[in-house]
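These protein sequences, in sequence, are chains A and B.
For the first sequence, counting from 1, position 88 maps to 88 in this note's numbering; every step adds exactly one.
So this note's numbering is basically just the index in the second sequence, starting at one, shifted up by 1000.
Take a look at the structure set out below.
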Amino acid sequence: MPAEISPIPEDRAPKVAPTTLPLFPLGPWLWSSLAVVFWSLLVVTGLGLLFFYQPTPGAARESLVELREATSFDFLRSLHDWASHGLVIAAWLHLMRVFVVGSYRRLFGWTISVLLVALLIAQAWTGFLLPRGDGASAISLTAVYALHVALLPLLTVALVGLWRRRREARRLQPEESP
Amino acid sequence: MSTGGFLLLAWVVFAATMGSRLPWTRVGGLIWLGIGIFVGLSSPTSGRWGEVQAYLPVWLFFGLATGAFWWSMHREQEPSASEPSKLRNPLQSSQGVVSSVEDSADARKSDPTLEDRKITGLWGRSMGVCLGILTVWVLAWRFPPPLPSLDPSQLDPPASVPWFLAGLQEVATWTAPWVGWILLPTVTLVALLAAPFIDTRDPELNVRFHGRSEEVPFFFFVWWFLGIFPILMATWLRPRFWLSPVDPPTASLSRRFWVDWIGLPLPDFWPARELPGLLLLVLLFVVIPWRLPGWKPTQGAFSRHRRRLGRFYFPTMFLSMVLVWVVLALLAATLLRVGPWLVWGAP
C-alpha cells in the first residue's frame, strides 16, 4: 500500500479532503464536452443558415435582414451567435483547466488543445466578419466565407480525429509488465 | 424573475449542489463569481439593453474564469472523479509533488466511495452540459443579436471586433498595430506551445499549485492583465473613456535622444538612428534576464529558476519578458488614459 511506503511523516502527509463530490469546474471533461456540444450546435445551425446567407458584398447583410423579417428562422442565427460565444468561453476554460492541473506536460494533447483553441477563435472571428461583409471586396468575403464554412471546420475535425486516433491507439497498447 | 436572474440562479444552484460540504474555498469561489456577475450587471453599459448582447459574454467569461480559478487555487489535493486512480493515496513531497498510483484496485479498496464519485462525476458533468445548452438557448431566445449597423460611426469597439479580440485591439491601440495583432498573439501561442518543453517534469506526476510557486503567480499575472484586463478595458471602460485627453503614445525615442538630449539632427543611417531603441531592447531582453540570477534581491528565486530550466532559461525569460513588458506598458497606458478622468472628472 502506498501509505505504508510513504516517506512523509504523519503530520506532513497530504490532507485529502473528505469530500464525496468532485469539483466540476476542474474536472477533465466538463468544458471540453461543452465545447463539443456547442460546436455541434454551431454546425447544425450553420447548415441551416447556409440556405439563407449570401456571401456577396451588398447582399450579405440584406440576406440576414430578409431572414429576420421574411422568415421564421431568425432563431437559427441567434442560436448560432450565442453558441459561438459559448464555444469560445468553453474552449478557453478548457485550456485554462489543462494548464491549472498541469496536464500541459502531455505534449500531444496540449498541442492539439492549443491549436484547437486558436482554430475555434479563428472560426468565431470569421463568423463575426460575415454579416459585416458589405464593405469588403467580393474576393475577401468569399475567402472569409470559405474559411468559415469549409476549411477551418475541416481542420478542426481533422485535429479532433487525430487526437481520438492517438487516444485509441494508446488505449489498445498492451500494458507494460511490472 | 428576469432571464439573467434565472440563469444566475441556475448556475449558483448547480455550483452549490456540487459539494457535500461548503468549505470556505467554494464559498469564496461563489462570492467571486457573484461579484463578477454583479459588477458586470451594474456596469455602465448593462442598463442599455440593446448592448447586452455585446457585453454579456464578457461577463459570463469573467465570472466563470474568476470562479473557476479561485476554486482551483484553494483546491488542496482533492482528487477529481474522472482521474481517481491517479490521485488516490497520493505521496506528497515537500515541494507538493503528488505521485500517481495506478493501482485502481488498491484505490477502490482504500476509497469505498470511488464508484459513487465516478457516478456523481458523470451526473455532474451531464448537468453542467445541459445547463450550458440551456443558457445558450435562453439567451438566444431572449436576446437575439442585432444585425451589424450600416453606419460607420457605429463601428467603434466592441462592434468592430468580437469581444474576445477586443483586448488585442486595446493593446494595438496603445502600442502599435503589429504589437497587438501579430507580436502578442504569436508570443502567446509560442509560449503556450512551449509549455511542455519548459516544464519537463514527468507528465504522470500530478503537480498542482502547491508545487509551482513560480509558474502560478506568473501565469496569473499574465492571464489577468493580458487576457482579462484588456478585454474589460475595451468593453467596460472604453465606451466611457474612449475620448481620452491623452493621445496614444506617439513619442519617438530616437528623436528624444538625438534631438532633445544630444542636440544633434536625427542620423540618416538607421542603426545609428535607432541605437537608443536597440540598447533598450538589449537591456530589457538580454541584460535583465542575465543579471536577475546574480542580483541580490532576486538571486534566490531566479538562480533556482535558472538551474531548473537549464538551456531553456533564456528562451523562457525572453518570452516572459515580452509578456511582462507588454503588461506593464498596458497598465501604464491605462493609468494615463483613465487617470485624468478620475482626477478631473468624466465629461
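Ideal placement from N, C-alpha and C gives every residue a C-beta, glycine not left out.
Nothing here was measured: the structure is a model prediction, and the numbers come from that model.
Distance cutoff 7 Å, beta carbons only. Does VAL37(A) sit that close to anything in chain B? yes
Output the distance between the C-alpha atoms of LEU93(A) and TRP29(A), rounded to the nearest integer angstrom. 11 Å
Using three-state DSSP, classify ASP1268(B) as helix, strand or coil. coil
Quick test of your reading: VAL1171(B) and LEU1330(B), contact by CB under 8 Å. State the CB separation rounded to the nearest angstrom. 6 Å
Does the stretch 147 to 154 of chain A come close enough to the stretch 80 to 93 of chain A to have 3 or more Cβ pairs within less than 8 Å? no
In the stretch 47 to 70 of chain A, which residues sit with their C-beta less than 9 Å from some C-beta in chain B, listed in chain order? ARG61, LEU64, VAL65, ARG68
With a threshold of 16 other CB atoms inside 10 Å of the CB of PHE1269(B), please say whether the residue is buried or exposed. exposed
7 Å Cβ cutoff, TRP110(A) in contact with chain B: yes
Just to make sure I have the definition right: I need the residues of chain B whose C-beta is within less than 7 Å of the C-beta of TYR145(A). Which are they? Simply none; closest approach about 16 Å.
Burial state of SER1280(B), where buried means 16 or more other Cβ atoms lie within 10 Å: It is Leu, not Ser, that sits at residue 1280(B) in the sequence shown. By the 10 Å Cβ count, LEU1280(B) comes out exposed.
Under 8 Å by beta carbon: chain A residues contacting VAL1129(B): LEU30, SER33, LEU34, VAL37
Shorter than 7 Å from the beta carbon of LEU86(A) to some beta carbon of chain B? Per the sequence presented here, residue 86(A) reads as Gly, with Leu not at that position. Yes, contact with chain B.
If I measure Cβ to Cβ from ALA136(A) and keep anything under 7 Å in the same chain, skipping five residues before and after, which residues do I get? PRO57
Just the Cα atoms here: how many angstroms apart are TRP1163(B) and SER103(A)? 28 Å
Rounded to a whole number of angstroms, what is the C-alpha to C-alpha distance between SER1149(B) and THR1135(B)? 26 Å
C-beta contact flag for ILE112(A) and TRP31(A) at 7 Å: no
What residues in the stretch 116 to 147 of chain A have a beta carbon less than 7 Å from any beta carbon of chain B? ALA118, ILE121, ALA124, TRP125, PHE128, PRO131, ARG132
ALA1176(B) - DSSP class collapsed to helix/strand/coil: coil
In chain B, what lies closer than 7 Å to VAL43(A) by C-beta? Result: empty, since nearest Cβ-Cβ is about 14 Å, beyond 7 Å.
Going straight from the alpha carbon of VAL157(A) to that of GLY133(A), what length do you get? 26 Å
Taking Cβ to Cβ, would you say LEU67(A) is nearer than 7 Å to PHE51(A)? no
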